[in-house]
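Under our numbering, the first residue of the sequence shown carries the number 4, and numbering increases by one thereafter.
Input: a single structure, listed below in structure tokens.
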Amino acid sequence: MVRKRKKTNIVDATEIKNASKAFVRGEGPDLKSIKDKKLKRELIVREKHNAQAIRSAAFNQLLLPEERGCLEAEEGERTLKFKQTEIVKHVDVGSARKHFSLALPHHGPYKCAYSRNGRKLLIGGAKGHMATFDWQTGQLGCEFHVKETVKDIAWLHNRDYIAVAQKKYAYIYDGQGTELHRLKNHINPVHLEYLPYHWLLVSTGATGFLKYHDVSIGKLIVELKTRLGQPHSMTHNPWNAIVNLGHSNGTVTMWSPSMKEPLVKMLCHHGPVTALAVDDTGRHMVTCGLDKQMKVWDARTYKESLSYYSHRPGSKLAISQTGLVALAFGGQVQVWKDAFKTKQKAPYMTHLVEGATIEGLDFANFEDVLGLGHSKGFTSLLIPGAGEANYDALELNPFESKRQKQENEVKMLLNKIQPELITLDQSSVHRMKQDDEEKPLDSLDHKELILKFKMKGKNSAKRRFHRREKHIHDEK
């Protein structure tokens, strides 16, 4: 007699139910009030798929092996008083090596950017000095001098290609520092952004044009007139690939390559918008202006949620994977924790670079590290709880090999999303009506139903030749 084994649940159902609350994106529709049977049936199927996705995400969340860290202060202490030297003394050797500084006083101020998997670091000085390297091992990728003013830098689809906004044009270099392309259509670029899932390089500059360049085919897709002059700041929403621009009149505009006019135009500050940042979920947008305010906006309702005051106008903003907000002004940087939930009375951590001006600010993915590019060089700070503890190796793998990098590049190119699909509401893409639907026979006109019978092969070139030869022979 064969006995069946009883199924044992690895995770309790109550734990899954409690964990699934973090993945719920609003309440579902009221199905009882819907009278249309077809619409009701579609909504039931959609809600069923959403519930299954939420349950799978919560189950995977409970099985993740690592947990994110944080900095906790004892009674009577505050975390913002902790200095980097004190943190380095109380962490392990591997983490302590992630705090370092590069003294580069002759070519600054520097801008910095980490690769999407958080492994590589790109720095660019305003006077033309460029370098890429593995910041954890210290292995240098390339180092060169463009002999021009560098205004902005960006990584492309992998660690072998970078984009640089120089004095007159935008350029693309490979991992060895060799110039591959000069993008003459991008004139006087000031800001650069790269959309990884669409393979689009976006630039804007002194001319006030917003330009989308497809790097997979090497063509300029579209250039849009902002009609608001040179933007002071630019970023993109990682959730829906909408490009946000901050202008001198205090407005923020949201752009899509399929529309000639901005999708959204909102007044955020009483002065120029100096910095912009959007979190990975696409729910929150943070802005800074010359009015010495940092405001948190709901990116779905376009309403102000919270506001903070700073001693000086903020110049740079960055948001980590866990929702930490870094604000830089002058030579000081502040890191705010839980800034989206409730209004905080004091920042989570602070750091001062004496006698320098911060021009670059970026968090390293999957690491508790914040990079600062300033007029004296580059500084790497330890920010506990900034990085996501677990990673999806099929999406972003910090330890990918050369073969995995090549396979990932091919998959990304095959899964490339067309620029026409960039919209504010990503869920509306699968609900678009198709124009090439087959019409039923009853709805067709009588003229469309007339069938034409053709004699195949009667008027071919061979038949015409033989008929001509026959006529010539008969005449003779």
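Just so it is clear, CB atoms sit at the ideal spot from N, CA and C, and this is done for glycine as well.
Since the model is a prediction, treat every value here as computed from it, not as a measurement.
Checklist line | N- and C-terminal bounds of the alpha helix (DSSP H) containing residue 59 | finding: Taking the sequence shown and counting its residues from 1, the one referred to as residue 59 is at position 56. That run of the alpha helix (DSSP H) goes 40–65.
Note to self: Using only the alpha-carbon positions, how far apart do residue 124 and residue 83 sit?
What the structure shows: By 1-based counting over the sequence shown, the position of residue 124 is 121. By 1-based counting over the sequence shown, the position of residue 83 is 80. Taking the CA atoms as reference points, residue 124 sits about 27 angstroms from residue 83.
Check: For residue 289, does the three-state DSSP call read helix, strand or coil?
Finding: Position 286 of the sequence shown, counted from the start, is the residue given in the question as residue 289. DSSP places residue 289 in strand when its eight states are reduced to three.
Notebook entry, point to check: Under the criterion of a Cβ to heavy atom distance below 7 angstroms, does residue 385 qualify as lining the ligand ATP?
Noted result: As for the ligand ATP, it is missing from this structure, which has no ligand bound.
Note to self: Let me make sure I understand the geometry here. Which of 222, 305 and 200 has the alpha-carbon closest to that of residue 184?
What the structure shows: If you number the sequence shown from 1, residue 184 lands on position 181. Among 222, 305 and 200, the Cα nearest to that of residue 184 is on 222.
Checklist line | Collapsed DSSP secondary structure at residue 406 in the structure displayed | finding: On the sequence shown, residue 406 is found 403 positions in, with the first residue counted as 1. Helix, per DSSP.
Next item on the list: Could you tell me if residue 475 is buried or exposed, where buried requires 16 or more neighbouring beta carbons within 10 angstroms of its beta carbon?
Entry: As a first step, residue 475 must be located in the sequence shown, where it is residue number 472. Exposed, by the Cβ-count rule.
Item checked: residue 165: first and last residue of the uninterrupted beta strand (DSSP E) it sits in -> Counted from its first residue, the sequence shown places residue 165 at position 162. Residues 164–168.
Note to self: On a Cα-Cα basis, can you pick out the residue from 208, 217, 385 and 199 that is closest to residue 192?
What the structure shows: As a first step, residue 192 must be located in the sequence shown, where it is residue number 189. Taking only the C-alpha atoms, the option nearest residue 192 is 208.
Margin query: Can you give me the C-alpha to C-alpha distance between residue 452 and residue 421, rounded to a whole angstrom?
Written below: Position 449 of the sequence shown, counted from the first residue, corresponds to residue 452. Position 418 of the sequence shown, counted from the first residue, corresponds to residue 421. Residue confidence for residue 452 is low, a pLDDT of 46 falling below 50, so the modelled location carries little weight and cannot support an answer.
Item checked: Whole-Å CB distance - residue 213 paired with residue 227, under 8 angstroms assumed -> Counting from 1 along the sequence shown, the entry for residue 213 is found at position 210. Counting from 1 along the sequence shown, the entry for residue 227 is found at position 224. Contact holds; Cβ gap of about 4 angstroms.
Notebook entry, point to check: Taking the DSSP output, what are the residues bridged to residue 269?
Noted result: Numbered from its first residue, the sequence shown carries residue 269 at position 266. Partner(s): 255.
Margin query: I'd like to check one pair, residue 356 with residue 339: are the Cβ atoms closer than 8 angstroms?
Written below: Here residue 339 is taken as the residue at index 336 of the sequence shown, counted from 1. Here residue 356 is taken as the residue at index 353 of the sequence shown, counted from 1. It is not a contact, given that the beta carbons lie outside the stated cut-off.
Notebook entry, point to check: Rounded to a whole number of angstroms, what is the C-alpha to C-alpha distance between residue 131 and residue 427?
Noted result: Translated into the one-based positions of the sequence shown, residue 131 becomes position 128. Translated into the one-based positions of the sequence shown, residue 427 becomes position 424. The straight-line gap from Cα to Cα measures roughly 37 angstroms.
Notebook entry, point to check: Leaving out the 5 sequence neighbours to the left and right, which residues in its chain are closer than 7 angstroms to residue 234 when beta-carbon positions are compared?
Noted result: Working through the sequence shown from its first residue, we reach residue 234 at position 231. Answer for residue 234: 194, 207, 248, 249 and 250, listed in chain order.
Notebook entry, point to check: alpha helix (DSSP H) containing residue 130: first to last residue?
Noted result: What you label residue 130 is simply residue 127 of the sequence shown in a count that begins at 1. First-last for residue 130: undefined, no H or E at that position.
Item checked: Run of the alpha helix (DSSP H) containing residue 19, from where it starts to where it stops -> Here residue 19 corresponds to residue number 16 of the sequence shown, with the count starting at 1. Residues 16–22.
Next item on the list: Identify every residue that forms a DSSP beta bridge with residue 352.
Entry: As a working note, residue 352 is residue 349 in the sequence shown. Bridge partners of residue 352: 338.
Next item on the list: Mark residue 447 as exposed unless 16 or more other C-beta atoms lie within 10 angstroms of its C-beta, in which case mark it buried.
Entry: In the sequence shown, the residue the question calls residue 447 occupies position 444. With a pLDDT of 48 at residue 447, under the threshold of 50, the modelled position of that residue is not reliable, and the figure given next carries that caveat. So residue 447 counts as exposed.
Margin query: Can you find the residues in the same chain that come closer than 6 angstroms, C-beta to C-beta, to residue 205, ignoring five residues on each side of it along the sequence?
Written below: Sequence index remark: in the sequence shown, residue 205 carries index 202 (1-based). For residue 205, where only same-chain residues beyond five positions count, the Cβ hits under 6 angstroms are 196, 215 and 246.
Next item on the list: Note down the Cα distance separating residue 58 from residue 75, rounded to an integer number of angstroms.
Entry: Position 55 of the sequence shown, counted from the start, is the residue given in the question as residue 58. Position 72 of the sequence shown, counted from the start, is the residue given in the question as residue 75. Going by the C-alpha atoms only, they are around 31 angstroms apart.
Item checked: Sequence-distant residues of the same chain with beta carbon closer than 6 angstroms to residue 200, five excluded per side -> One-based indexing of the sequence shown puts residue 200 at position 197. Closer than 6 angstroms at the Cβ level, and outside the excluded window around residue 200, lie 420.
Notebook entry, point to check: Mind checking residue 262: buried by the 16 CB within 10 Å criterion, or exposed?
Noted result: Position 259 of the sequence shown, counted from the start, is the residue given in the question as residue 262. So residue 262 counts as exposed.
Check: Taking the DSSP output, what are the residues bridged to residue 192?
Finding: Numbered from its first residue, the sequence shown carries residue 192 at position 189. Beta-bridge pairing links residue 192 to 208.
Notebook entry, point to check: Whose C-alpha, out of 34, 368 and 50, is nearest the C-alpha of residue 43?
Noted result: Stepping through the sequence shown from its first residue, residue 43 is reached at position 40. Of 34, 368 and 50, the residue nearest in Cα terms is 34.
Next item on the list: Work out the CA separation of residue 387 and residue 25 for me, nearest whole Å.
Entry: Start at 1 with the first residue of the sequence shown, and residue 25 comes out as number 22. Start at 1 with the first residue of the sequence shown, and residue 387 comes out as number 384. Going by the C-alpha atoms only, they are around 22 angstroms apart.
Margin query: Measuring CB atoms only, is the region 140–150 touching the region 382–401, in the sense that at least three cross pairs come out at less than 8 angstroms?
Written below: no
Checklist line | the region 318–328 in contact with the region 288–303 per 3-pair CB rule at 8 angstroms | finding: At 8 angstroms Cβ cutoff, the stretches touch.
Next item on the list: Please check if any C-beta of chain D sits within less than 8 angstroms of the C-beta of residue 74.
Entry: Judged by its chain identifiers, the structure shown contains no chain D, having just a single protein chain.
Note to self: Measuring alpha carbon to alpha carbon, tell me which residue in 126, 46, 27 and 210 is nearest residue 380.
What the structure shows: Your numbering for residue 380 matches position 377 in the sequence shown. Looking at the Cα atoms, 126 is the closest of the given residues.
Margin query: Considering just the uninterrupted stretch of the alpha helix (DSSP H) at residue 87, what are its terminal residues?
Written below: As a working mapping, residue 87 is identified with position 84 in the sequence shown. From DSSP, the alpha helix (DSSP H) with residue 87 extends over 87–92.
Item checked: Range covered by the beta strand (DSSP E) that runs through residue 310 -> For this step, residue 310 is matched to residue 307 along the sequence shown. Unbroken beta strand (DSSP E) run through residue 310: 306–312.
Check: Hey, how far is the Cα of residue 210 from the Cα of residue 376?
Finding: Translated into positions along the sequence shown, residue 210 becomes position 207. Translated into positions along the sequence shown, residue 376 becomes position 373. Their backbone Cα atoms lie some 27 angstroms apart in a straight line.
Margin query: Here's the rule: buried if 16 or more other CB atoms are within 10 angstroms of the residue's CB, otherwise exposed. What is residue 4?
Written below: If you number the sequence shown from 1, residue 4 lands on position 1. Note on residue 4: pLDDT 48, under 50, position unreliable in the model; no value is reported.
Item checked: Environment of residue 135 [buried if 16+ CB atoms lie within 10 Å] -> Position 132 of the sequence shown, counted from the start, is the residue given in the question as residue 135. With 16 or more Cβ atoms within 10 Å of its Cβ, residue 135 is classed as buried.
Note to self: To the nearest angstrom, how far is the alpha carbon of residue 473 from that of residue 463?
What the structure shows: Here residue 473 corresponds to residue number 470 of the sequence shown, with the count starting at 1. Here residue 463 corresponds to residue number 460 of the sequence shown, with the count starting at 1. Taking the straight line joining both Cα atoms gives about 16 angstroms.
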